[in-house]
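Q: Next up is a structure, given as structure tokens.
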Amino acid sequence: MEVRRGQATARSRARSAAERLVRSWPAVAQSVAPARRAAIDFASRLGATPAALAAVELAVSEAVTNAVQHAYNGRGGDPGPVTLTVEAAGGGLRVVVADEGIGMRPQPDSSGLGLGLPLIAQITHSFEVRQPPRGGTILAMRFDLQRGHL
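The sequence shown begins at 4 in our numbering and counts up by one.
Written out as structure tokens, the structure reads:
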């Protein structure tokens, strides 16, 4: 019995690892495409519809681009990390884009149009933005893999 329980636990851990992806890149423009591709590939393996894949692609592009453009402004030096976590969640997909930057602050000199978060709100099932006390920004998004919001 003990061996079987151990084998079942090992299988459960392997299944959990297959249902979750965590990757980090430097917060530079060249990181947007690989982050987007990683999220789309993961969602595709879970059987996402084309509309859901399009929503994931656009939302991840917007979220990572926001981190690249805004997270580390004014800090100087090398860009900090942007981390993508993608996991199966309740029959859908949960995607988290996190950085360790300055948090969300007004940036009147920003070249962006300020449409990223409203767009994400339109194409996700739900989303939330958190600012941990230690700094940075965490954007958590949920997608229905059978229906996209595009």
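Note that CB positions come from ideal geometry on N, CA and C, so glycine has one too.
By a C-beta neighbour count over all protein chains shown, 10 Å radius and 16 as the cutoff for buried, is Gly50 buried or exposed?
A: exposed
Q: Let me know the alpha helix (DSSP H) ranges lying completely inside the region 5 to 93, each 4 residues or longer, listed in chain order.
A: 5 to 21, 35 to 48, 53 to 69
Q: Measure the CB-CB distance between Val71 and Ala38 and report whether it falls below 7 Å.
A: Not a contact, by the Cβ cut-off of 7 Å.
Q: Using a 10 Å radius around the Cβ and a threshold of 16 neighbouring Cβ atoms, would you call Ala36 buried or exposed?
A: exposed
Q: On the DSSP bridge list, what partners appear for Ser145?
A: Correcting the residue type first, residue 145 is Arg in the shown sequence and not Ser. DSSP output for Arg145 lists Arg97, Ser129 as bridge partner(s).
Q: Since I believe Leu24 is in contact with Ile126 (beta carbons under 8 Å), could you give me their beta-carbon distance rounded to a whole number of angstroms?
A: 20 Å between Cβ atoms; not a contact.
Q: Counting only the same chain and skipping the five closest in sequence on each side, list residues whose C-beta sits under 6 Å from that of Phe45.
A: Leu24, Val89
Q: Would a C-beta distance cut-off of 7 Å place Leu142 and Ala66 closer than the cut-off?
A: yes
Q: Using CA coordinates, which residue listed in Gly106, Ile123, Phe146 is at the minimum distance from Arg78?
A: Gly106
Q: Please state if the CB of Val100 and the CB of Ala30 are separated by a distance shorter than 7 Å.
A: no
Q: In whole angstroms, what is the alpha-carbon distance linking Thr68 and Asp102?
A: 11 Å
Q: I need the straight-line Cα distance from Asn76 to Gly104, nearest angstrom please.
A: 8 Å
Q: Within 10 Å of its beta-carbon, does Gly83 have 16 or more other beta-carbons around it, so buried, or fewer, so exposed?
A: buried
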